[in-house]
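Residue numbers (my numbering), protein chains in the order written: chain A, 218 to 502; chain B, 218 to 502. Every residue, glycine too, gets a C-beta built ideally from N, C-alpha and C. Quick caveat, the model's predicted, so the values are computed rather than measured. Input: a single structure, listed below in structure tokens.
Number of protein chains: 2
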Amino acid sequence: MIIDVNKKVMIVGLGLLGGSYAEALKRFGFHISAITKSQSSIDYALEKGLIDEGTTAINPRMIGEADLLIFALYPHVFVEWIRENQKYFKPGALITDVTGVKGSIVYKIQDMLREDVEFIAAHPMAGREVSGVENSTSRIFIGANYIVTPTEKNTPEAIATCKELGLLLGFTNVAELSPEEHDEMIGFLSQLTHCIAVALMTCNDKENMEKFTGDSFRDLTRIARINEYMWSELFMENRDALLDQMDLFLKQFVSLRDMIADGNMEDMQEMMRQSTARRALFDKK
Amino acid sequence: MIIDVNKKVMIVGLGLLGGSYAEALKRFGFHISAITKSQSSIDYALEKGLIDEGTTAINPRMIGEADLLIFALYPHVFVEWIRENQKYFKPGALITDVTGVKGSIVYKIQDMLREDVEFIAAHPMAGREVSGVENSTSRIFIGANYIVTPTEKNTPEAIATCKELGLLLGFTNVAELSPEEHDEMIGFLSQLTHCIAVALMTCNDKENMEKFTGDSFRDLTRIARINEYMWSELFMENRDALLDQMDLFLKQFVSLRDMIADGNMEDMQEMMRQSTARRALFDKK
Numbered sequence: 218m219i220i221d222v223n224k225k226v227m228i229v230g231l232g233l234l235g236g237s238y239a240e241a242l243k244r245f246g247f248h249i250s251a252i253t254k255s256q257s258s259i260d261y262a263l264e265k266g267l268i269d270e271g272t273t274a275i276n277p278r279m280i281g282e283a284d285l286l287i288f289a290l291y292p293h294v295f296v297e298w299i300r301e302n303q304k305y306f307k308p309g310a311l312i313t314d315v316t317g318v319k320g321s322i323v324y325k326i327q328d329m330l331r332e333d334v335e336f337i338a339a340h341p342m343a344g345r346e347v348s349g350v351e352n353s354t355s356r357i358f359i360g361a362n363y364i365v366t367p368t369e370k371n372t373p374e375a376i377a378t379c380k381e382l383g384l385l386l387g388f389t390n391v392a393e394l395s396p397e398e399h400d401e402m403i404g405f406l407s408q409l410t411h412c413i414a415v416a417l418m419t420c421n422d423k424e425n426m427e428k429f430t431g432d433s434f435r436d437l438t439r440i441a442r443i444n445e446y447m448w449s450e451l452f453m454e455n456r457d458a459l460l461d462q463m464d465l466f467l468k469q470f471v472s473l474r475d476m477i478a479d480g481n482m483e484d485m486q487e488m489m490r491q492s493t494a495r496r497a498l499f500d501k502k
Numbered sequence: 218m219i220i221d222v223n224k225k226v227m228i229v230g231l232g233l234l235g236g237s238y239a240e241a242l243k244r245f246g247f248h249i250s251a252i253t254k255s256q257s258s259i260d261y262a263l264e265k266g267l268i269d270e271g272t273t274a275i276n277p278r279m280i281g282e283a284d285l286l287i288f289a290l291y292p293h294v295f296v297e298w299i300r301e302n303q304k305y306f307k308p309g310a311l312i313t314d315v316t317g318v319k320g321s322i323v324y325k326i327q328d329m330l331r332e333d334v335e336f337i338a339a340h341p342m343a344g345r346e347v348s349g350v351e352n353s354t355s356r357i358f359i360g361a362n363y364i365v366t367p368t369e370k371n372t373p374e375a376i377a378t379c380k381e382l383g384l385l386l387g388f389t390n391v392a393e394l395s396p397e398e399h400d401e402m403i404g405f406l407s408q409l410t411h412c413i414a415v416a417l418m419t420c421n422d423k424e425n426m427e428k429f430t431g432d433s434f435r436d437l438t439r440i441a442r443i444n445e446y447m448w449s450e451l452f453m454e455n456r457d458a459l460l461d462q463m464d465l466f467l468k469q470f471v472s473l474r475d476m477i478a479d480g481n482m483e484d485m486q487e488m489m490r491q492s493t494a495r496r497a498l499f500d501k502k
């Protein structure tokens, strides 16, 4: 194990993910501190033994003692936090995050960061439909992907440490992508699907439809229950990659529409055969 | 109970749904016969005690003895079957079906049908991702909707009998809609969702995406594994209603795309709030 369990970990932003990180890491005996805006989150985490100490104010002593800092904040809050408080970091500290977009964040943070600390970005692809530290559980990491997105500024040691963190947290797959590859992938697999679900959920407000809903409609719209502040920000932070994916989908959907309008059964069936074949790749292994 | 258990039931088309009907009705002691194209389906159903007798050929004696006939065929096969074989029906027989589209079928059948038999249409909204009588089970009716779609030609007795059939089969909700209301509803809730899943599944064929897939993408594309012959036919039989629903979705999706392109956070968040509120209606009760 590269990471020394005597090192001190600080979690900035103690919500669903931050709390789940704390729970997973506490098992190894790490000293864990937390900064978050609500005192009740700190109280809950202390009571459950998820953290050793916590604060709602900027606490230079606590920040300065941390060897590894994990940021679980909204993207724009993250950038501001670093700008204002990096002066308190311990020299040699390692910083990582859970942000769901990378290209628009990673370079910005690395460019402004002090020379004596390193930021290695990661995206833990795990979550729940509920939020808050009270709902945190490291079970969400089982079967999930943890993606490290290094740049040229990162050292091999930091990349290896970040990958080990993913394994310690309990993620099943730990992978490495460039920030750009990550954003394209997430634009397609996660953001486009949320755009589709929201558009589907709001495109027809006829009454009583819910009485006849089957599983396929429920499955397609499960994620239509959405945190509007977080997702609108994630969409804007990944705007170009997301628009590319939306346009690919639009083109294909309009083709299918035209086939139906034209009664073109042959092409319709060919598209469905491709769909069936490609979907088989995506089954849970 | 309106339906006399001494009446004879015939199932035409012994696949997943036909077999599940047979299983559910056999519990009450009905005499059940079946006509289907494959002898192995008949053999399986006889062995499992789902039916009392079966044939792969048109058997005028068997058809002529049936009081209630249930058609579980592809739409165009259904219409042709009636045209060619209605001469064998017992006077006073009641005919129903499981067809997933109604407007393009119900009037056609009723218009060509002998005066002394009645067709009352129904759509059992249940299924599985696998097909064939070997996969049939009446468990698929639990929690599901059964929709009767009468026209002006139907008698109150036939409508009541058809609703009772839905309850005997074990459906949780039995409802009545006009063929047109049904087709709009199914165009939105079922067909549009399948079009979206197919377009999403085929719009980006980049390699290795499956390695990073999470549950939201899997949920949206579960139904992208699709029987191309059945669904292309269902789409064509409901073309106008489906195109209307596709256009409603397209309009909303393009609006969302424009909000993202324009950086219009306010409207984006408002659409997401509507989405969240409307989705709550569709939760399983």
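Given a cut-off of 8 Å on the beta-carbon distance, is the pair residue i and residue j in contact?
{"i": "B/D400", "j": "B/V318", "result": "yes"}
{"i": "A/A274", "j": "A/G230", "result": "no"}
{"i": "A/V415", "j": "A/A441", "result": "yes"}
{"i": "A/G404", "j": "A/V391", "result": "no"}
{"i": "B/G349", "j": "B/L233", "result": "yes"}
{"i": "B/T316", "j": "B/F295", "result": "yes"}
{"i": "A/T253", "j": "A/I287", "result": "no"}
{"i": "A/Y261", "j": "A/E351", "result": "yes"}
{"i": "A/E427", "j": "B/L498", "result": "yes"}
{"i": "A/A239", "j": "A/I249", "result": "yes"}
{"i": "B/V226", "j": "B/L267", "result": "no"}
{"i": "A/I443", "j": "B/S492", "result": "yes"}
{"i": "B/L473", "j": "B/M488", "result": "yes"}
{"i": "B/L394", "j": "B/M402", "result": "yes"}
{"i": "A/R356", "j": "B/M418", "result": "no"}
{"i": "A/I259", "j": "A/G271", "result": "yes"}
{"i": "A/K307", "j": "A/A283", "result": "yes"}
{"i": "B/T389", "j": "B/I364", "result": "no"}
{"i": "A/T366", "j": "A/V323", "result": "yes"}
{"i": "A/G485", "j": "B/S321", "result": "Per the sequence shown, residue 485 of chain A should be read as Met rather than Gly. No, these two residues do not count as a Cβ contact at 8 Å."}
Along chain A, which residues have their Cβ under 8 Å away from the Cβ of residue i?
{"i": "B/K468", "result": "C420"}
{"i": "B/G480", "result": "M453 and R456"}
{"i": "B/V415", "result": "L473, M488, M489 and S492"}
{"i": "B/M342", "result": "F429 and G431"}
{"i": "B/A392", "result": "K428 and F429"}
Are the C-beta of residue i and some C-beta of chain B separated by less than 8 Å?
{"i": "A/V296", "result": "no"}
{"i": "A/G278", "result": "What sits at residue 278 of chain A in the sequence shown is Arg, not Gly. False, the Cβ-Cβ gap to chain B never drops below 8 Å."}
{"i": "A/G431", "result": "yes"}
{"i": "A/A339", "result": "no"}
{"i": "A/D314", "result": "no"}
{"i": "A/M463", "result": "yes"}
{"i": "A/S407", "result": "yes"}
{"i": "A/Y291", "result": "no"}
{"i": "A/S428", "result": "Before going on, a small fix: residue 428 of chain A reads as Lys here, not Ser. True, the Cβ-Cβ gap to chain B drops below 8 Å."}
{"i": "A/Y446", "result": "yes"}
{"i": "A/F434", "result": "yes"}
{"i": "A/M218", "result": "no"}
{"i": "A/F499", "result": "yes"}
{"i": "A/S449", "result": "yes"}
Of all Cβ atoms in chain A, is any one closer than 8 Å to the Cβ of residue i?
{"i": "B/N352", "result": "no"}
{"i": "B/L437", "result": "yes"}
{"i": "B/A274", "result": "no"}
{"i": "B/L459", "result": "yes"}
{"i": "B/M485", "result": "yes"}
{"i": "B/A377", "result": "no"}
Could you tell me which chain B residues have their CB closer than 9 Å to the CB of residue i, listed as they occur along the chain?
{"i": "A/C412", "result": "F470, L473, R474 and I477"}
Cβ closer than 8 Å: which chain B residues qualify as neighbours of residue i?
{"i": "A/A441", "result": "S492, T493, R495 and R496"}
Count the other C-beta atoms from every protein chain shown that fall within 10 angstroms of the C-beta of residue i, then say buried if there are 16 or more, exposed otherwise.
{"i": "A/Q256", "result": "exposed"}
{"i": "A/V347", "result": "exposed"}
{"i": "B/H293", "result": "exposed"}
{"i": "A/T354", "result": "exposed"}
{"i": "B/I228", "result": "buried"}
Against residue i, what residues of chain A qualify as contacts under a CB-to-CB distance less than 7 Å, listed in chain order?
{"i": "B/Y305", "result": "Those do not exist, as B/Y305 stays about 32 Å from chain A at its closest Cβ, beyond 7 Å."}
{"i": "B/M402", "result": "M426 and F429"}
Just the chain B side, please: which residues come within less than 7 Å of residue i by C-beta, in chain order?
{"i": "A/A283", "result": "What A/A283 touches in chain B: nothing, since even the nearest Cβ is about 30 Å away."}
ask   = Between the stretch 353-368 of chain B and chain A, which residues of the former have a C-beta closer than 8 Å to a C-beta of the latter?
value = Near chain A, meaning a CB-to-CB distance below 8 Å, the residues of the stretch 353-368 of chain B are A361, N362 and I364.
inquiry  = So if I threshold CB-CB distances at 9 Å, which residues from the stretch 235-258 of chain B count as touching chain A?
reply    = Result list empty, no residue passes.
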